[in-house]
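K.L.:
Numbering (the working numbering), first residue to last: 741 to 1271. Ideal Cβ positions, reconstructed from N, Cα and C, are used throughout, including at glycine. Only a predicted model underlies this, so the values are computations on that prediction, with no experimental measurement involved.
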Amino acid sequence: MSPSRAPLVAGAAVAVAAAVTLTVVVWPEDSGPGTRSGASASSRTSASPSPTRSYPLSTTPRTVPAVREHTAARGPGWKPAEDSTVVAADPQLTDEAKLLADELGIGYRGEKPARPGDVELALAPSGKGDPESYTLKTSDDRVVISGPGEAGVFYGTRTLKQSLAADSTVPEGVVRDTPDRPQRGLNLDIARKHYSADWIEDRLREMADLKLNQLGLHFSDDQAFRIESDTHPEVVSEDHLTKAEVRRIVKLARSLHITVVGEIDSPGHLGAVMRAHPDLQLRNTQGVARQGAIDISKAGSARIVDDLLNEYAELFPGDWFHVGADEYQALTVSDPAASYPQLAAAAREKYGDDATVQDLTEGWLNDRAAVIRKAEKIPKAWNDGFFSGGKVTADKGIEVEYWTGKEIGARPPQDYLAEGRKVINLNDEYLYYVLGQPNDFTYPTGERIYEQWTPFVLRGTEPVAERYSKQILGGRFAVWGDLPDAQTQAQVAEGIRMPLNAVSQKLWDPREPKLTWAQFTALADEVDSSD
741 MSPSRAPLVA
751 GAAVAVAAAV
761 TLTVVVWPED
771 SGPGTRSGAS
781 ASSRTSASPS
791 PTRSYPLSTT
801 PRTVPAVREH
811 TAARGPGWKP
821 AEDSTVVAAD
831 PQLTDEAKLL
841 ADELGIGYRG
851 EKPARPGDVE
861 LALAPSGKGD
871 PESYTLKTSD
881 DRVVISGPGE
891 AGVFYGTRTL
901 KQSLAADSTV
911 PEGVVRDTPD
921 RPQRGLNLDI
931 ARKHYSADWI
941 EDRLREMADL
951 KLNQLGLHFS
961 DDQAFRIESD
971 THPEVVSEDH
981 LTKAEVRRIV
991 KLARSLHITV
1001 VGEIDSPGHL
1011 GAVMRAHPDL
1021 QLRNTQGVAR
1031 QGAIDISKAG
1041 SARIVDDLLN
1051 EYAELFPGDW
1061 FHVGADEYQA
1071 LTVSDPAASY
1081 PQLAAAAREK
1091 YGDDATVQDL
1101 TEGWLNDRAA
1111 VIRKAEKIPK
1121 AWNDGFFSGG
1131 KVTADKGIEV
1141 EYWTGKEIGA
1151 RPPQDYLAEG
1161 RKVINLNDEY
1171 LYYVLGQPND
1181 FTYPTGERIY
1191 EQWTPFVLRG
1201 TEPVAERYSK
1211 QILGGRFAVW
1221 GDLPDAQTQA
1231 QVAEGIRMPL
1241 NAVSQKLWDP
1251 REPKLTWAQF
1261 TALADEVDSS
1271 D
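(1) Three or more C-beta pairs under 8 Å: does that hold for the stretch 1014-1030 against the stretch 1072-1082?
(2) For P1119, which residues in the same chain have their Cβ closer than 6 Å to its Cβ, ignoring the five residues on either side in sequence?
(3) What residue range does the beta strand (DSSP E) around F965 cover?
(4) Would you kindly work out how many angstroms separate the C-alpha atoms of A1061 and E1116, rounded to a whole number?
(5) Report buried or exposed for P1253, applying the criterion of at least 16 other Cβ atoms within 10 angstroms of its Cβ.
(6) Going straight from the alpha carbon of A1065 to that of R802, what length do you get?
(7) In chain order, what residues of the same chain lie with their CB nearer than 8 Å to the CB of A1029, ignoring the 5 residues before and after it?
(8) Out of K1114, T1144, V1132 and G1130, state which residue places its alpha-carbon closest to the alpha-carbon of D1124.
(9) Do the stretch 1234-1248 and the stretch 901-920 touch if we need at least three Cβ pairs shorter than 8 Å?
(10) Go ahead and label P796 buried or exposed: buried means 16 or more other beta carbons lie within 10 angstroms of its beta carbon, across all protein chains shown.
(11) Quick one: is G817 buried, meaning 16 or more other Cβ sit within 10 Å of its Cβ, or exposed?
(12) Three-state secondary structure (DSSP) at F1061?
(13) Using the beta-carbon count (16 or more within 10 Å), is D961 buried or exposed?
(14) Where do the ends of the beta strand (DSSP E) carrying A812 lie?
(15) Does the beta carbon of S1269 sit closer than 8 Å to a beta carbon anywhere in chain D?
(16) Can you find the residues in the same chain that come closer than 7 Å, C-beta to C-beta, to T982, ignoring five residues on each side of it along the sequence?
(17) With distances taken between CB atoms, is the gap from Y1068 to P1018 smaller than 8 Å?
(18) Report back the beta-carbon spacing between A812 and S798 to the nearest angstrom; my notes put them in contact at under 8 Å.
(19) Counting pairs of Cβ atoms below 8 Å between the stretch 1040-1054 and the stretch 1084-1101, do you hit three or more?
(20) Of the residues Q902, V914 and A864, which one's Cα is nearest the Cα of A891?
(21) Three-state secondary structure (DSSP) at W1257?
(22) Considering only C-alpha positions, which residue in the set W1122, D1107, K1131 and K1114 is nearest to V1097?
(23) Any chance you could list the beta strand (DSSP E) runs of at least 3 consecutive residues sitting entirely within the stretch 1054-1119, in chain order?
(24) Compute the Euclidean distance between the alpha carbons of G772 and Y1052, then round it to the nearest angstrom.
(25) Restricting to Cα atoms, I'd like to know which of L1157, L1171 and N1179 is closest to L1240.
(26) Put T761 into one of helix, strand or coil per three-state DSSP.
(27) Under 8 Å between the Cβ atoms of L861 and A829?
(28) Using a 10 Å radius around the Cβ and a threshold of 16 neighbouring Cβ atoms, would you call K1114 buried or exposed?
(29) Checking the sheet assignment: what are the DSSP bridge partners for G1214?
(30) Using alpha carbons as the reference points, say which of V883, D880, Y895 and G857 lies closest to Y874.
(31) At the level of alpha carbons, what is the spacing between R924 and F1260?
(32) Do you know offhand how far D1222's Cα is from V884's?
(33) Would you kindly check if the distance between the Cβ of H972 and the Cβ of D1005 is under 8 Å?
(34) Could you give the first and the last residue of the continuous alpha helix (DSSP H) run that contains I1236?
(35) Using alpha carbons as the reference points, say which of D842, T878 and T1185 lies closest to P856.
(36) Shortest alpha-carbon distance to Y935 belongs to which of Q954, E912, V915 and A964?
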């Protein structure tokens, strides 16, 4: 997770250049639009029949991330004209159609038949396939964007928008596109550094254009608790987001097909909560408190954390909630049972005579995950909250968010994959933007991500075996506020822009990019609509 939470720390298939006629992906047997695979695909050059030879073959739309398949054709392509409009063939696509019309500065005509000059959005009749896949067909002076689900159609509108920004035209032909990984996003520590709702909404718009679909909000830590609470207002810090602001953020995110995932970390990183409840602080036999650690032998500890989990599971209506589970300080001492006999006693009482403090801690994770499952969500937790060799084993339904690379003794990602667990990549070697660069961290560069990282590189620089591909659900780029004043909000936004572009590319298509980093950077600047 965040490096200051690590006391044991030791110290971007891609848009084809204009000179290239066309690249069409030949999907592997088990990987086509609507499926995902980590295996590399071969490519070939092809063109569709055309009634006229008055135009050269079209080139692939230039976008970030790059489209994975384009069939070239001869024709002028499409660009908005004075009488162009957007129409929706299905009422479910009204919001996407209105947004695109507004972005292009053209009209929206509702559920009407498309005319020459129009863009039509439609759901595929079968409804089968990856809901994030889409087909974009440009011919006869119109564009039709279709897909099995609303998200895929929305991503098709992002491709259209970026192609116009880059080249003022959507090229003739057919795009068939789908992401390689289902979870693609940004993780934001708003606990140690307060970010305004407006700033977060700006990041959501940038993420949407990059086809990223998940925003993690870590809003509780030792330093602060940053979202208004009805159940425990006493734990909330002075600078915080109101629930009205969070609902506004969530509403915008949903309209952009982004899921906001809240996180309340426990049983560590609860310092802000315990400032209002000092009686729940974990203390050793000498009465010395352990920073951020709650005493999980006390019934009151579970009650307050579960109150908060239930409250915020309702505030964040997406499919996931993050329960933390990393770096519980009771387990960092040489003899946890001797230092914290109350935890050892509670472990034996709950799990039997040979149970340990580790078992009690793993049981805490399972219990918090059960709260989240009861709220009909999928629990997530940091990988260092999953232990081996104990009497209690973490539930297999909890998604593992793997980050540890700099911590001494951290379990390798292969351990979790071999157990059959589903893993999300937050490799701190490439994907951690830590304010102030403490503990040997340096601000990650988009270039390094673009050239070296893939979803398989879960720890350090070495990839895991491709046989684990289906278990690696995706990744997120993470911003941590260890030294919150090291950068302003504006500096953070600028610092993470190109890394996010690179992450977007590599989660959409992990194969080796064909553009150089300089070419990719130039393209990112061309299609950036944030200015």
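P.N.:
Working from what's here:
(1) Output reads yes: the stretch 1072-1082 touches the stretch 1014-1030.
(2) Within the sequence shown, numbered from 1, the residue matching residue 1119 stands at position 379. V1063, A1109, I1112 and I1138.
(3) Along the sequence shown, one-based indexing puts residue 965 at 225. F965: not part of any beta strand (DSSP E); DSSP gives it neither H nor E.
(4) Start at 1 with the first residue of the sequence shown, and residue 1061 comes out as number 321. Start at 1 with the first residue of the sequence shown, and residue 1116 comes out as number 376. Contrary to the premise, residue 1061 reads as Phe rather than Ala in this sequence. Taking the straight line joining both Cα atoms gives about 10 Å.
(5) Residue numbering aside, residue 1253 sits at position 513 when the sequence shown is read from its first letter. With 16 or more Cβ atoms within 10 Å of its Cβ, P1253 is classed as buried.
(6) Working through the sequence shown from its first residue, we reach residue 1065 at position 325. Working through the sequence shown from its first residue, we reach residue 802 at position 62. Rounded to whole angstroms, A1065 to R802 spans 42 Å at the Cα level.
(7) Mapped onto the sequence shown, residue 1029 falls at position 289. Cβ within range, chain order: Q1021, L1022 and R1023.
(8) Walking along the sequence shown from the start, residue 1124 turns up at place 384. D1124 has its Cα closest to that of T1144, out of K1114, T1144, V1132 and G1130.
(9) Between the stretch 1234-1248 and the stretch 901-920, the count of C-beta pairs closer than 8 Å reaches three or more; the two stretches touch.
(10) Position 56 of the sequence shown, counted from the start, is the residue given in the question as residue 796. P796 is exposed by the Cβ-count criterion.
(11) Within the sequence shown, residue 817 is the residue found at index 77, counting from 1. Buried, by the Cβ-count rule.
(12) Stepping through the sequence shown from its first residue, residue 1061 is reached at position 321. Correct three-state label for F1061: strand.
(13) The residue you call residue 961 lines up with position 221 of the sequence shown. With 16 or more Cβ atoms within 10 Å of its Cβ, D961 is classed as buried.
(14) The count along the sequence shown starts at 1 and reaches residue 812 at position 72. Residues E809 to A812.
(15) No chain D appears in the structure shown, which is made up of a single protein chain.
(16) Taking the sequence shown and counting its residues from 1, the one referred to as residue 982 is at position 242. Once the five neighbours on either side are set aside, the close Cβ partners of T982 are E968.
(17) The residue labelled residue 1068 in the question sits at position 328 within the sequence shown. The residue labelled residue 1018 in the question sits at position 278 within the sequence shown. No, these two residues do not count as a Cβ contact at 8 Å.
(18) In the sequence shown, residue 812 corresponds to position 72, counting from 1. In the sequence shown, residue 798 corresponds to position 58, counting from 1. Going by Cβ atoms, the distance from A812 to S798 rounds to 5 Å, so yes, they are a contact pair.
(19) Touching, no, given that fewer than three Cβ pairs across the two stretches are closer than 8 Å.
(20) The count along the sequence shown starts at 1 and reaches residue 891 at position 151. Considering only Q902, V914 and A864, the residue with the shortest C-alpha distance to A891 is A864.
(21) Looking up residue 1257 in the sequence shown gives position 517. Three-state result, W1257: helix.
(22) Position 357 of the sequence shown, counting from 1, holds the residue named residue 1097. Nearest option by C-alpha distance: K1131.
(23) Counting only runs of 3 or more, we get 1060-1064.
(24) As a first step, residue 772 must be located in the sequence shown, where it is residue number 32. As a first step, residue 1052 must be located in the sequence shown, where it is residue number 312. Confidence in G772 is poor, its pLDDT being 39 and thus under 50, which makes the residue's placement unreliable; the coordinate value appears in the next sentence. Distance from the CA atom of G772 to the CA atom of Y1052, rounded to whole angstroms, is 38 Å.
(25) Sequence index remark: in the sequence shown, residue 1240 carries index 500 (1-based). Among L1157, L1171 and N1179, the Cα nearest to that of L1240 belongs to L1171.
(26) As a first step, residue 761 is located in the sequence shown; it is residue number 21 there, counting from the start. Since pLDDT at T761 reaches only 35, below the 50 mark, its modelled position is unreliable, and no value is offered.
(27) Against the sequence shown, residue 861 aligns to sequence position 121. Against the sequence shown, residue 829 aligns to sequence position 89. A829 is positioned such that its CB atom lies closer than 8 Å to that of L861.
(28) As a first step, residue 1114 is located in the sequence shown; it is residue number 374 there, counting from the start. Taking all protein chains shown into account, K1114 has fewer than 16 neighbouring C-beta atoms within 10 Å of its C-beta and is therefore exposed.
(29) Looking up residue 1214 in the sequence shown gives position 474. According to DSSP, G1214 bridges with Q923 and I1164.
(30) Counting from 1 along the sequence shown, the entry for residue 874 is found at position 134. Of V883, D880, Y895 and G857, the residue nearest in Cα terms is Y895.
(31) By 1-based counting over the sequence shown, the position of residue 924 is 184. By 1-based counting over the sequence shown, the position of residue 1260 is 520. Between R924 and F1260, the C-alpha separation is close to 19 Å.
(32) The residue labelled residue 1222 in the question sits at position 482 within the sequence shown. The residue labelled residue 884 in the question sits at position 144 within the sequence shown. In this structure, the CA atom of D1222 is about 47 Å from the CA atom of V884.
(33) Indexing the sequence shown from 1 puts residue 1005 at position 265. Indexing the sequence shown from 1 puts residue 972 at position 232. Cβ atoms of D1005 and H972: not closer than 8 Å.
(34) As a first step, residue 1236 must be located in the sequence shown, where it is residue number 496. Counting along the chain, the alpha helix (DSSP H) containing I1236 begins and ends at Q1229 to W1248.
(35) Taking the sequence shown and counting its residues from 1, the one referred to as residue 856 is at position 116. Among D842, T878 and T1185, the Cα nearest to that of P856 belongs to T878.
(36) Here the question's residue 935 lines up with position 195 in the sequence shown. The candidate whose alpha carbon is nearest that of Y935 is A964.
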